[in-house]
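S.K.: Have a look at the structure that comes next, please.
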Amino acid sequence: MKHLIDIKDLSQETIKAIFLQASTLISPSKELAGKSVANLFFENSTRTLISFELAAKKLGADVINVNIDKSSTKKGETLRDTIQTLQAMGIDAFVVRHSDNKTCQTIKKWLNPKTKLINAGDGNNQHPTQALLDTYTILQHKQDITNIKISIIGDIKHSRVANSLIDCLNILGNNSIHVYAPEQLLPTRPNKLIICKDFQQAASDADVIVMLRIQKERIAKHAIPDLDNYHHNFGLTNDKLKLAKIDCIVMHPGPVNRGVEITSSIADGNQSVILEQVKNGVLVRQAVLAYMFK
Ligand code: CP
Numbered sequence: 284m285k286h287l288i289d290i291k292d293l294s295q296e297t298i299k300a301i302f303l304q305a306s307t308l309i310s311p312s313k314e315l316a317g318k319s320v321a322n323l324f325f326e327n328s329t330r331t332l333i334s335f336e337l338a339a340k341k342l343g344a345d346v347i348n349v350n351i352d353k354s355s356t357k358k359g360e361t362l363r364d365t366i367q368t369l370q371a372m373g374i375d376a377f378v379v380r381h382s383d384n385k386t387c388q389t390i391k392k393w394l395n396p397k398t399k400l401i402n403a404g405d406g407n408n409q410h411p412t413q414a415l416l417d418t419y420t421i422l423q424h425k426q427d428i429t430n431i432k433i434s435i436i437g438d439i440k441h442s443r444v445a446n447s448l449i450d451c452l453n454i455l456g457n458n459s460i461h462v463y464a465p466e467q468l469l470p471t472r473p474n475k476l477i478i479c480k481d482f483q484q485a486a487s488d489a490d491v492i493v494m495l496r497i498q499k500e501r502i503a504k505h506a507i508p509d510l511d512n513y514h515h516n517f518g519l520t521n522d523k524l525k526l527a528k529i530d531c532i533v534m535h536p537g538p539v540n541r542g543v544e545i546t547s548s549i550a551d552g553n554q555s556v557i558l559e560q561v562k563n564g565v566l567v568r569q570a571v572l573a574y575m576f577k
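Residue numbers for the sequence shown follow this note's numbering, so the first one is 284 and each next one is one higher.
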């Protein structure tokens with residue numbers, strides 16, 4: 284695997300090989316000793332940025348977190364010049380987050396043959412390592428991913444997390460993901476999805492519920508004017524969770540807007556695997572980096 288830009292570029296076999304690698308990692312190790320990894324985050328991040336830094340360091344790499352606000356980007360340097368400047372210094376892998384869809388597809392064209400690229404989230408397009416860590420977490424709780432009911436609820440339209448997770452689950456054989464959202468936040472490409480008419484349809488007998496925040500940075504300011512009303516209709520509350528299977532797990536990629544898409548007692552409750560997702564983020568990103576440099 285040269286780059287990881289879109290989860291759809293991975294085969295079922297590659298995904299399983301990454302998961303196997305994640306489950307057998309020994310830390311610290313030296314797979315990336317002598318390699319340099321640059322994290323270029325043009326959008327904010329806590330989980331993805333820090334877990335990529337930890338993952339690369341656990342593999343023995345030198346890690347540079349480029350401070351975009353203090354970089355020459357602010358003096359007008361183009362993205363191409365920034366990438367090629369860092370590449371000239373000997374960077375072996377770039378991890379890039381950007382607000383524009385397909386940024387990584389463009390960056391790929393500027394790279395030397397040996398330089399690696401990982402998409403850490405581009406616009407509302409893809410977030411492939413999030414899809415891998417989410418799926419890895421589901422598989423730790425559910426034996427068979429193909430025949431379980433997975434419901435994704437919230438702002439699906441603007442969510443690269445939802446796009447990538449749906450693609451990943453499709454690759455692994457689950458082609459009947461349930462989704463529920465306000466009309467204006469439903470996905471624009473509803474292929475292989477079951478669009479639910481109400482919360483009850485989405486939550487009833489669910490094995491996995493994935494809650495998503497409203498991507499305020501990608502939608503018009505007043506698209507969802509009343510957050511209390513949103514919580515009432517689209518937020519996960521204790522009463523609604525009772526509709527799901529007793530062993531249903533509740534997921535959220537974070538950051539969580541408590542009291543909007545999910546009530547605090549569920550986010551912190553015993554069905555929540557939110558912090559397991561975070562923990563698995565380090566492991567899976569470590570596995571992706573190790574797999575790339577094999
Ligand atoms: N899930 C996720 O991408 O979180 P961050 O924005 O904190 O990286």
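Virtual Cβ for every residue (Gly too), placed ideally from N, Cα, C.
Only a predicted model underlies this, so the values are computations on that prediction, with no experimental measurement involved.
Name the residue from Thr412, Arg496, Leu422 whose alpha carbon lies nearest to the alpha carbon of Gln569.
M.R.: Here the question's residue 569 lines up with position 286 in the sequence shown. Checked all of Thr412, Arg496, Leu422; the closest Cα to Gln569 is Thr412.
S.K.: First and last residue of the beta strand (DSSP E) that includes His515?
M.R.: If you number the sequence shown from 1, residue 515 lands on position 232. Per DSSP, His515 belongs to no beta strand (DSSP E); it is in the alpha helix (DSSP H), 510-517.
S.K.: Between which two residues does the alpha helix (DSSP H) carrying Lys357 extend?
M.R.: Here residue 357 refers to the residue found at position 74 when the sequence shown is read from its first residue. It is not in any alpha helix (DSSP H) - Lys357 carries neither H nor E in the DSSP assignment.
S.K.: Helix, strand or coil for Ala489 per DSSP?
M.R.: In the sequence shown, counting from the first residue as 1, residue 489 sits at position 206. Of the three classes helix, strand and coil, the one that applies to Ala489 here is coil, per DSSP.
S.K.: Is any heavy atom in the ligand CP found nearer than 7 Å to the beta carbon of His410?
M.R.: Counted from its first residue, the sequence shown places residue 410 at position 127. Yes - the ligand CP has a heavy atom lying nearer than 7 Å to the Cβ of His410.
S.K.: Does the contact criterion of 3 or more C-beta pairs under 8 Å hold for the stretch 285-295 versus the stretch 395-415?
M.R.: yes
S.K.: Report yes if the C-beta distance between Ala273 and Ile477 is below 8 Å; otherwise report no.
M.R.: The structure shown does not extend to residue 273, since the chain spans only 284 to 577, so no value can be given for it.
S.K.: Classify Leu558: buried if its beta carbon has 16 or more other beta carbons within 10 angstroms, exposed otherwise.
M.R.: Your numbering for residue 558 matches position 275 in the sequence shown. Exposed, by the Cβ-count rule.
S.K.: Based on the DSSP output, what are the partners of Val533 in its beta bridges?
M.R.: Walking along the sequence shown from the start, residue 533 turns up at place 250. Beta-bridge pairing links Val533 to Ile492, Ser555.
S.K.: Report, in whole angstroms, the separation of the C-beta atoms of Ser382 and Phe324, which I expect to be a contact under 8 Å.
M.R.: Your numbering for residue 382 matches position 99 in the sequence shown. Your numbering for residue 324 matches position 41 in the sequence shown. Contact flag wrong, Cβ pair sits at about 11 Å.
S.K.: Is the number of C-beta pairs between the stretch 418-432 and the stretch 440-457 that are closer than 8 Å three or more?
M.R.: yes
S.K.: Suppose the cutoff is 8 Å on Cβ atoms and the five residues either side in sequence are ignored; what does the same chain contact list for Lys391 look like?
M.R.: Working through the sequence shown from its first residue, we reach residue 391 at position 108. If we look at Lys391 and ignore the five residues flanking it on each side, its Cβ neighbours are His286, Ile288, Leu400.
S.K.: Taking Leu362 as part of the alpha helix (DSSP H), name the residues at either end of that continuous run.
M.R.: Stepping through the sequence shown from its first residue, residue 362 is reached at position 79. Where Leu362 is concerned, the enclosing alpha helix (DSSP H) stretches over 362-371.
S.K.: Excluding five sequence neighbours on each side, which residues of the same chain lie with their C-beta closer than 6 Å to the C-beta of Arg496?
M.R.: As a position in the sequence shown, residue 496 is number 213, starting the count at 1. The residues are Asn540, Glu544.
S.K.: Only counting the same chain, and skipping five residues up and downstream in sequence, which positions put a Cβ closer than 7 Å to that of Thr386?
M.R.: If you number the sequence shown from 1, residue 386 lands on position 103. Same-chain partners within the cutoff: Val379, Asp405.
S.K.: With respect to the alpha helix (DSSP H) encompassing Ser501, which residues constitute its N-terminal and C-terminal limits?
M.R.: Here the question's residue 501 lines up with position 218 in the sequence shown. As written in the sequence, residue 501 is Arg, which differs from the Ser given in the question. Careful: Arg501 lies outside any alpha helix (DSSP H) and carries neither H nor E.
S.K.: Between Leu377 and Ile529, what straight-line distance do the alpha-carbon atoms span, to the nearest angstrom?
M.R.: Numbered from its first residue, the sequence shown carries residue 377 at position 94. Numbered from its first residue, the sequence shown carries residue 529 at position 246. The sequence given here has Phe at residue 377, not Leu. When rounded, the distance between both Cα atoms is 42 Å.
S.K.: Relative to the C-alpha of Cys479, which residue among Lys577, Asn516, Thr546 is closest?
M.R.: Taking the first residue of the sequence shown as 1, we reach residue 479 at position 196. Here the closest residue by C-alpha is Asn516.
S.K.: Look up Ile401 in the DSSP assignment and say whether it is helix, strand or coil.
M.R.: Position 118 of the sequence shown holds residue 401. In the structure shown, Ile401 sits in a strand (DSSP, three-state: E or B).
S.K.: For Val349, which option in Glu336, Asn327, Asn322, Arg330 has the closest C-alpha, if you only look at C-alpha atoms?
M.R.: The count along the sequence shown starts at 1 and reaches residue 349 at position 66. Closest option to Val349, Cα to Cα, is Asn322.
S.K.: State the Cα-Cα distance for the pair Lys240 and Asn446, rounded to the nearest angstrom.
M.R.: One cannot answer for residue 240 here, as it falls past the ends of the chain, which runs 284 to 577.
S.K.: Please go through the stretch 290-360 and give each complete beta strand (DSSP E) segment of 3 or more residues, from N-terminal end onward.
M.R.: 319-324, 345-349
S.K.: Taking 7 Å as the cut-off, is the C-beta of Gln569 nearer than that to any heavy atom in the ligand CP?
M.R.: Translated into positions along the sequence shown, residue 569 becomes position 286. No, the Cβ of Gln569 stays beyond 7 Å of every heavy atom of the ligand CP.
S.K.: Is the beta carbon of Gln498 within less than 7 Å of some heavy atom of the ligand CP?
M.R.: Counting from 1 along the sequence shown, the entry for residue 498 is found at position 215. False, no ligand heavy atom lies under 7 Å from that Cβ.
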